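I have placed the structure first, in the form of structure tokens, so that the comments after it can refer back to it.
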Amino acid sequence: MSGNVVNLRTHRKRKERAARAAQAAENRVTHGRTKVERQFDERLGDESARTHDGRRLDPEDEAPTPT
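Shown next as structure tokens:
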């Protein structure tokens with residue numbers, strides 16, 4: 279007569295986790311980027327930072343102030 283006892287709170291939490299996991303999987307497909315795209319953006323950012331640092335003016339490179 280007695281079947282498996284199910285804790286309703288645990289069942290509800292499992293159901294919510296499964297729904298969130300399904301939504302996350304859908305978002306990864308919709309908004310995700312491939313590994314190649316991520317690597318390209320990383321290299322582009324590194325190159326940009328290197329160029330920016332290379333063109334930076336140091337205080338001793340500027341014209342001296344008259345004293």
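Take the sequence shown: its letters are residues 279 to 345, numbered as in the working numbering.
Idealized CB from N, CA, C, for every residue including glycine.
Note that the structure is predicted; figures quoted are calculated from it, not measured.
Leaving aside the five residues before and after Asn285 along the sequence, list all residues of the same chain whose C-beta is less than 7 Å from its C-beta, in chain order.
-> Taking the sequence shown and counting its residues from 1, one reaches residue 285 at position 7. Contacts found: none.
First and last residue of the alpha helix (DSSP H) that includes Asp336?
-> As a first step, residue 336 must be located in the sequence shown, where it is residue number 58. No alpha helix (DSSP H) contains Asp336, which DSSP labels as neither H nor E.
Rounded to a whole number of angstroms, what is the C-alpha to C-alpha distance between Glu325 and Ala299?
-> For the purposes of this step, residue 325 is taken as the residue at position 47 of the sequence shown. For the purposes of this step, residue 299 is taken as the residue at position 21 of the sequence shown. For Glu325 and Ala299, the distance between alpha carbons rounds to 36 Å.
Continuous alpha helix (DSSP H) stretch holding Val307: start and end = Walking along the sequence shown from the start, residue 307 turns up at place 29. Unbroken alpha helix (DSSP H) run through Val307: 286–309.
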